[in-house]
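The structure appears right after this line, and notes come after that.
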Amino acid sequence: MTRKHLKKSDHLWAPAGAHPVYLLDVATDLEESLLLDWLKRETGSTPTTLRIRSSRRGRKTNDDVIEDAPSKPSTYLIPLRVLWLPPEREGTRSVRWSDLLRLGDPRDPRFLRARLIAMFRKNRMALIAGAGRYLSDLEDDYEQSEYHESLESFVTRRAWRSLDVEERKLRGNRYKTPTFVAEAILSRSSFREDVGRIAIETGTTYEKAEAKATAYLHEIAADTSPLAIDLIANAIHKLYRQGYGEIRYDSAEIQRVAEMGQANPIVFLPSHRSNLDRLSLQFMLWENDLPPNHTAGGINLNFFPIGPLLRRTGVFFIRRTFRDNELYKMVLQHYLDYLIEKRFSLEWYLEGGRSRSGRLLPPKLGLLNYVIDAQRRGKADDIVLVPVSIAYDQIQDVPDYAREARGKSKESESISWLVRSVRSLRRRYGDIHITFGEPISTRSWRGDTSIDEPTIDVQKLAFEVMYRISRATPATPTAIVSIALLAARGQAATADELSVHCADLQEYIAARDIPTTEPLRLDDPGRVSLALQRLAEHENVSSHEALGRIVYWCEDEQMIRISYYRNMIVHYFINRSIAELALAKLESSEDISVNRFNEVALELRDLLKFEFFFPEKEEFIELVSSDLEVDVPGWKNMLLTSGPGDVLSKLGRKMAPWALLPFLDAYQIVGDELESLDHPYAEDRFLEDCLDRAIMYRIEDATISGESASQVLFKSALKLADNRGLIEESDVAPESLRERRAQFAGDIRDFRRLADELGARH
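FYI, the numbering for the sequence shown is 196 to 957, going by our numbering.
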């Protein structure tokens with residue numbers, strides 16, 4: 196930062212013929228004297244000045260001083276401010292915890308420290324002027340605005356905004372945050388009108404409804420602070436570096452998204468697999484001089500001291516349920532409207548909660564509905580949705596997920612939970628990988644879609660976001676080695692033996708340009724051995740060394756753990772696996788045709804629709820066909836002339852046994868439990884019974900996968916059963932329900948048998 200930047204400003208002078216009046220945004224008499232001295236030096240005179248309400252301190256003072264401004268057409272208002280800067284270190288001027296512990300916030304020094312800086316550290320002080328406006332123009336804007344406030348408050352907020360723009364040129368874009376949001380929203384005419392409308396509808400007074408709406412707004416709204424942004428970014432860095440090496444990303448991708456945000460509001464929609472997701476994305480933005488997103492957080496995280504800290508870094512808190520609370524919904528809509536209008540970036544997890552399986556969860560449409568509705572009402576011409584994949588080499592939460600899959604309750608968020616989470620990072624977990632999917636313009640997406648059917652539009656949009664997240668998710672060495680381990684189904688294997696399977700997977704990935712976190716080289720047993728050792732460090736695999744070699748295998752709970760890493764990328768192998776099962780099904784069919792193949796593939800698509808994000812049917816069939824073409828060119832002709840067996844033989848090592856069989860195992864358990872159900876259905880008891888059945892099946896028949904004893908998988912199977920009307924008994928005759936449950940179980944059993952038999956072919 197040069198001396199010129201600290202002392203001069205292009206905005207300091209009024210246009211020719213204008214009468215300048217300088218609005219001093221100051222918190223102390225010292226700041227006022229510094230600005231007055233500056234004005235006198237630069238202008239050579241003593242111009243008219245007015246001290247307005249400080250944006251930094253003393254927010255409760257009034258703005259009546261604006262009334263003292265000369266009320267003539269030539270009056271030109273120019274805001275001025277003193278900036279206090281942290282010391283420059285490594286090319287940046289961010290605040291560190293050490294600054295705060297020594298002398299307090301260097302951006303807001305107290306009297307003696309400020310005076311010493313002004314005298315001896317002038318490079319840590321900047322005098323700035325914001326863009327000026329004619330008072331008459333501001334009065335016109337005020338008359339046309341929807342804000343229910345005094346002219347003085349309106350002018351003061353405009354002055355702050357103008358100064359904020361100049362301040363960011365010195366401090367950086369990472370500090371672009373809204374100020375006095377609640378004050379601005381509460382003064383809007385549209386907000387007050389909606390409060391009045393709901394007061395009438397609910398039979399209460401306006402005053403009571405307004406008081407409750409104000410309380411809701413303060414409960415929801417983030418209260419971002421530049422100080423907290425820096426301090427938390429430094430804390431995040433220290434925190435994640437305890438367990439992770441680096442946060443890896445493509446800087447060019449970030450720059451492209453940032454450029455989109457110059458013209459339109461951005462909504463970041465990340466995958467959600469760890470409690471570190473938001474912190475990782477927040478630090479990446481900070482590191483690239485981008486402001487923190489306004490992130491929707493569950494009200495369960497609003498506990499001391501976490502809640503206040505999160506709120507100061509951009510988190511706004513939402514209640515879990517508020518369906519029947521019209522006033523709350525109205526307040527939330529106005530808050531989101533404000534952020535969208537002002538082009539502040541938003542962020543939330545479409546999945547709602549963290550994935551306990553590694554696969555992406557079905558999207559929740561709530562907040563997306565609010566955002567699309569805001570665009571329909573003209574709050575923005577376009578809104579850009581950015582799918583974000585956050586992947587990890589290993590995740591410290593996986594042991595907890597495995598326990599939950601076995602029926603244990605999720606631990607509630609609390610101070611003790613926080614301490615344990617931080618302690619769990621004191622081990623090596625590899626790196627964190629952030630990648631962006633192709634952004635979606637909501638304006639382009641909507642196209643000719645009828646506004647009369649908004650739910651369908653938003654649902655398709657949400658599924659498209661999830662699909663793009665899945666396509667942006669990179670394959671990690673951990674995930675590929677986990678696949679090889681799970682394919683062994685509990686049998687011990689050496690790194691050399693596992694590397695043969697890894698090499699096949701690596702070839703498949705390369706042939707389809709699937710993204711990876713690094714060049715894989717997993718045909719090298721040494722690289723496979725390194726990945727196995729890292730898994731073993733966290734007790735995710737078992738090992739034994741003797742006779743000059745080390746063998747690795749998985750116990751049942753370890754299978755659930757490492758299935759998490761397989762599931763992060765299993766979607767890349769699903770089309771191929773479905774094709775294998777469809778071909779295997781055709782081997783016993785009299786109708787060997789492409790049409791029959793497509794019918795079976797669609798049956799499997801329907802069976803697995805609660806596990807994976809499939810495109811529309813026609814596109815899905817095309818993708819399955821094109822995937823087969825990669826390995827078996829001309830497979831359709833071969834199917835008709837040589838039969839499905841020859842096509843299968845050309846495919847080499849089969850993928851359905853490890854990609855689909857574990858899901859089919861769990862589905863068979865649910866199907867069998869439904870078929871034998873002889874008492875009224877109750878979900879909690881049913882899930883416990885499924886878990887008992889899975890354990891017994893595993894003991895009696897080792898061909899059932901150990902990872903299938905998972906309530907996460909059972910719940911997906913139950914969604915399918917419910918979708919097919921196999922849960923409730925009230926609307927159908929008992930005999931019919933029993934028959935359909937038996938048919939459901941039988942269909943799954945057939946596909947499961949085919950997948951199991953495919954495993955013996957290689």
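We put the CB at the ideal spot given by N, CA and C, even for glycine.
query	result
Start and end residues, alpha helix (DSSP H) containing residue 331	330-339
is_contact[residue 352, chain C] using C-beta, thresh 8 Å	Any reference to chain C falls outside this structure, which holds one protein chain only.
Buried versus exposed, by CB contacts within 10 Å (16 or more), residue 786	exposed
Bridge partner(s) assigned by DSSP for residue 443	628
Nonlocal neighbours in the same chain, by C-beta distance under 7 Å from residue 393, ignoring five residues either side	404, 521, 522, 525
Residue interval of the beta strand (DSSP E) (run including residue 745)	744-748
Limits of the unbroken alpha helix (DSSP H) element including residue 529	521-536
Length of the line joining the Cα atoms of residue 750 and residue 920	36 Å
Alpha-carbon spacing of residue 951 relative to residue 851, whole angstroms	8 Å
Span separating the alpha-carbon of residue 286 from that of residue 845	58 Å
DSSP beta-bridge partners of residue 582	464
Ranges of the alpha helix (DSSP H) found wholly within the stretch 588-638, counting only runs of at least 4	593-600, 610-618
Collapsed DSSP secondary structure at residue 920 in the structure displayed	coil
Straight-line Cα distance separating residue 717 from residue 701	7 Å
Those residues which DSSP pairs with residue 513 across a bridge	493
Residue 401 burial status per 10 Å Cβ neighbour count (16 or more: buried)	exposed
Buried or exposed (CB count within 10 angstroms, at least 16 for buried), residue 406	exposed
Residue 240 (DSSP reduced to helix, strand or coil)	coil
Same chain, Cβ closer than 7 Å to residue 771, five either side skipped, listed in chain order	822, 850
Coarse secondary structure for residue 271, derived from DSSP in three states	strand
Same chain, Cβ closer than 6 Å to residue 645, five either side skipped, listed in chain order	Legend: pLDDT at residue 645 = 47, less than 50; position of this residue unreliable, value from coordinates given subsequently. Closer than 6 Å at the Cβ level, and outside the excluded window around residue 645, lies no residue.
Residue closest to residue 215, alpha-carbon to alpha-carbon, out of 223, 245, 228, 221	245
Nearest neighbour of residue 671, chosen from 339, 681, 711, 484 [CA to CA]	711
Under the three-state DSSP convention, the category residue 279 falls into	strand
Collapsed DSSP secondary structure at residue 763 in the structure displayed	helix
Top-ranked residue by Cα proximity to residue 275, from 361, 833, 765	361
First and last residue of the uninterrupted beta strand (DSSP E) at residue 835	Counting along the chain, residue 835 falls outside any beta strand (DSSP E), though it belongs to the alpha helix (DSSP H) covering 830-836.
Nonlocal neighbours in the same chain, by C-beta distance under 7 Å from residue 203, ignoring five residues either side	Here residue 203 scores only 49 on pLDDT, less than 50, and its place in the model should not be relied on; the value that follows carries that caveat. For residue 203, where only same-chain residues beyond five positions count, there are no Cβ hits under 7 Å.
Same chain only: Cβ atoms within 7 Å of residue 833, ignoring 5 sequence neighbours per side	827, 841, 842
Nearest candidate by alpha-carbon position, reference residue 219, set 350, 923, 428, 397	350
Closest residue to residue 599 among 908, 222, 572 (Cα-Cα distance)	908
Chain-order list of residues whose beta-carbon lies under 7 Å from that of residue 949 (same chain, five-residue window excluded)	776, 779, 780
Bounding residues of the alpha helix (DSSP H) (the contiguous stretch that carries residue 677)	672-682
Beta carbon of residue 819 nearer than 8 Å to that of residue 773	yes
Delimiting residues of the alpha helix (DSSP H) encompassing residue 210	Taken as a continuous stretch (DSSP letters only), residue 210 belongs to no alpha helix (DSSP H), as it is neither H nor E.
Contacting residues, own chain, Cβ-Cβ under 7 Å from residue 893 (five flanking each side not counted)	751, 899, 901, 904
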